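Those protein sequences? They're chains R and B, same order as listed.
FYI, our numbering numbers position 12 of the first sequence as 438, with every residue one higher than the one before it.
FYI, our numbering numbers position 113 of the second sequence as 539, with every residue one higher than the one before it.
Only one structure is covered here, and it is reproduced in the block below.
Protein chains: 2
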Amino acid sequence: MALGKNYEGQNCYLARALELVGERWTLLVIRDAFYGVRRYGDFLGHLDIPRAVLADRLATLVEAGILERHRYQDSPPRDEYLLTERGTELWSVIFPLMRWGERHFSTGESLRTFRHAACGTELDPVSRCPACGLTDVAPGDIEADTGPGVPAQPRQDPVSVALRRRPHRLLQPLL
Amino acid sequence: MALGKNYEGQNCYLARALELVGERWTLLVIRDAFYGVRRYGDFLGHLDIPRAVLADRLATLVEAGILERHRYQDSPPRDEYLLTERGTELWSVIFPLMRWGERHFSTGESLRTFRHAACGTELDPVSRCPACGLTDVAPGDIEADTGPGVPAQPRQDPVSVALRRRPHRLLQPLL
DNA sequence: GCCTCTCGGTTCGGTGAATGAACCGAGGCT
DNA sequence: AGCCTCGGTTCATTCACCGAACCGAGAGGC
Numbered sequence: 427m428a429l430g431k432n433y434e435g436q437n438c439y440l441a442r443a444l445e446l447v448g449e450r451w452t453l454l455v456i457r458d459a460f461y462g463v464r465r466y467g468d469f470l471g472h473l474d475i476p477r478a479v480l481a482d483r484l485a486t487l488v489e490a491g492i493l494e495r496h497r498y499q500d501s502p503p504r505d506e507y508l509l510t511e512r513g514t515e516l517w518s519v520i521f522p523l524m525r526w527g528e529r530h531f532s533t534g535e536s537l538r539t540f541r542h543a544a545c546g547t548e549l550d551p552v553s554r555c556p557a558c559g560l561t562d563v564a565p566g567d568i569e570a571d572t573g574p575g576v577p578a579q580p581r582q583d584p585v586s587v588a589l590r591r592r593p594h595r596l597l598q599p600l601l
Numbered sequence: 427m428a429l430g431k432n433y434e435g436q437n438c439y440l441a442r443a444l445e446l447v448g449e450r451w452t453l454l455v456i457r458d459a460f461y462g463v464r465r466y467g468d469f470l471g472h473l474d475i476p477r478a479v480l481a482d483r484l485a486t487l488v489e490a491g492i493l494e495r496h497r498y499q500d501s502p503p504r505d506e507y508l509l510t511e512r513g514t515e516l517w518s519v520i521f522p523l524m525r526w527g528e529r530h531f532s533t534g535e536s537l538r539t540f541r542h543a544a545c546g547t548e549l550d551p552v553s554r555c556p557a558c559g560l561t562d563v564a565p566g567d568i569e570a571d572t573g574p575g576v577p578a579q580p581r582q583d584p585v586s587v588a589l590r591r592r593p594h595r596l597l598q599p600l601l
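If you want it as structure tokens, here you go:
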């Protein structure tokens, strides 16, 4: 999105936040990071994003302190991208937006469910646990699972396959 | 943003939501609507958005049922854009994102405060009232006010001036 | 040594969207 | 009539996105 110079007089941090997080693809990359996607190639295969755009977004997010680049093997040298604390806080934005989209533009049944791992209760629209009365379930305590609405021809990329296979804790490595 | 055809396999309503709400400028238009901005010219003056882009975004938002176009005078014929219920629900996305931006990219003091109108308590980062224990303060019950951090040379457009003047209930007409 | 494969990018030509300035038409006001 | 405001549309330029091709480091086979 990058409002560039124009945002400056905006007198509101929403504009500044959107400079970082409001660009095309960026929130989908961060969503995948919550799902446990960590490697360039996996983001690429799951998102159908142009390679150059993905490289640019990852670099921007690292620079902004939302993702962290971490070497996980030396030979050959490979890095993974992990959400920082700052990035993890974006769950309170991503989850409500996802649920809003589902409420208003869903054609069938839920594609994905999110439960409080401690008690198994489905989260409410702003990521609270109705059973525990927890008003802020942290992403690390959430278990995501395939919902009842299964698409006719599901994607076959490794990330999509892994996401369908079994319940999975957010932020834990998916592959 | 408009992911176009690419979102289809995404298996996630976040992509669909971003098609509508993730385009450049769109969330800022909706934020202004929460502030009580209702007319084309006021959005234009406050956002420094190209006229054509604003016209396009307003039309898209009306078509998506997020804004509603309402004739408020007949001579000359003038319409205003009001948030629908569907649009109002986006507060749970916009507010956390705004506060996230403020926490991490603020250079000085808060530019704007949001209080629960019933008790005057400042809202927490996800729009709850710590005093009342209310876990979902509706936008209509929120009073916005200028914060202690005043910019050196504040904007002089009518909307910016009105926003500085006094505390103001969200969704109520600003001008 | 050499071929080939994977991974994580970069490069590059083509396209579509954003930008900003100019223009336009309906409808007051004097 | 002449001028103003409001809410757009038009249009040429600029910029970001796109997708396909290319590239370099390193591993593994032979």
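Cβ atoms here follow ideal geometry from the backbone N, Cα and C, with glycine treated the same way.
This structure is a prediction, so every number in the text was calculated from the model and none was measured.
In this structure, D562(B) lies away from A544(B), with their beta-carbon atoms at least 8 Å apart.
Annotation for G575(R): G534, E535, S536, L537 place their beta carbon closer than 6 Å to its own, counting only its chain and skipping 5 residues before and after. With respect to chain B, the C-beta atom of H530(R) has a partner C-beta closer than 8 Å. By the neighbour-count criterion, in which 16 or more other beta carbons inside 10 Å mark a residue as buried, A578(R) falls on the exposed side. Pairwise C-beta distances place the stretch 450-462 of chain B out of contact with the stretch 494-502 of chain B, as fewer than three of them are shorter than 8 Å.
Counting of Cβ neighbours within 10 angstroms places R504(R) among the exposed residues, the total staying below 16.
The C-alpha of H594(B) is placed about 22 Å away from the C-alpha of G527(B).
Excluding its 5 nearest sequence neighbours in each direction, C558(B) has C-beta neighbours in its own chain below 8 Å: H542, A544, C545, T547, listed in chain order.
When DSSP reads this structure, F540(B) sits in a beta bridge with A570(B).
By the rule that beta-carbons nearer than 8 Å mark a contact, P574(R) does not touch chain B. Of the other Cβ atoms in all chains shown, 16 or more fall within 10 Å of the Cβ of L473(B); this residue is therefore buried.
Of all residues in the stretch 502-520 of chain R, the ones placed with a Cβ closer than 7 Å to any Cβ belonging to chain B are R512, E515, L516, S518, V519, I520, in chain order.
Proximity of G448(R) to chain B, defined by a Cβ-Cβ separation below 8 Å, is satisfied. D468(R) sits close to L601(R), with the two beta carbons spaced by under 8 Å. For D505(R), the enclosing beta strand (DSSP E) begins and ends at 503-509.
Taking V585(R) as reference, the option from L480(R), G471(R), L508(R) with the minimal CA-CA separation is G471(R).
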